[in-house]
Amino acid sequence: MKFKKIIKSRVREKREEMDLTQQELGDLVGVSRQTIYYIEKGDYNPSLILAFKIADILKTPVNNLFYREPIIKDKVESLSIKEMKDIADKLNMNQEKVVSLSEIDETDLLKEFEIKELEKIAKELGYSLEELFQKD
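See the structure below:
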């Protein structure tokens, strides 16, 4: 899944805040130093999976890294529960972490879904409805 537009990112800014080199970040997310360089320049379109990996390593939501182009926000916000689960599986991450990296707000979910639908979603993710909205 590739983004259709070239995006400008804050990856460099966040990477430098964490004292990581391009090589170190590349190693952590499984890509070359050159790939990180081109992402930071806005010359490379990262896959959604790669965007989530980078966000996880840099400990920030995806939209904080790729906020300059609304395509990222739209892409993340339009993810279905199944797509989130697939991303979590591919990243060996729990679904809760993927949701938190996506910055999906429980209020938005409540507006969009009926309680029965939310119960079904929670069950699909392996949670009770209460656990789904439990604050840490």
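Taking numbering that gives the first Met the number 0, I'd label the letters of the sequence shown as residues 0 to 135.
Quick reminder that beta carbons are idealized off the backbone N, C-alpha and C, glycines included.
For residue i, collect the residues of the same chain with a Cβ closer than 6 Å to its Cβ; drop the 5 residues on either side in sequence, then sort them by chain order.
i   : result
L57 : K13
Y36 : Q21
With a CB to CB cut of under 7 Å and the five nearest residues on each side skipped, what residues in its chain are close to residue i?
i   : result
R32 : Q21, Q22, G25
R11 : E39
Confirm, please, whether the CB-CB distance from residue j to residue i is below 9 Å.
i   : j    : result
A54 : N44  : no
V30 : L49  : yes
L90 : K122 : no
Using three-state DSSP, classify residue i as helix, strand or coil.
i   : result
D18 : coil
N91 : coil
G25 : helix
R11 : helix
Taking only runs that begin and end inside the segment 30-61, name each unbroken alpha helix (DSSP H) of 4 or more residues, in chain order.
32-40, 47-56
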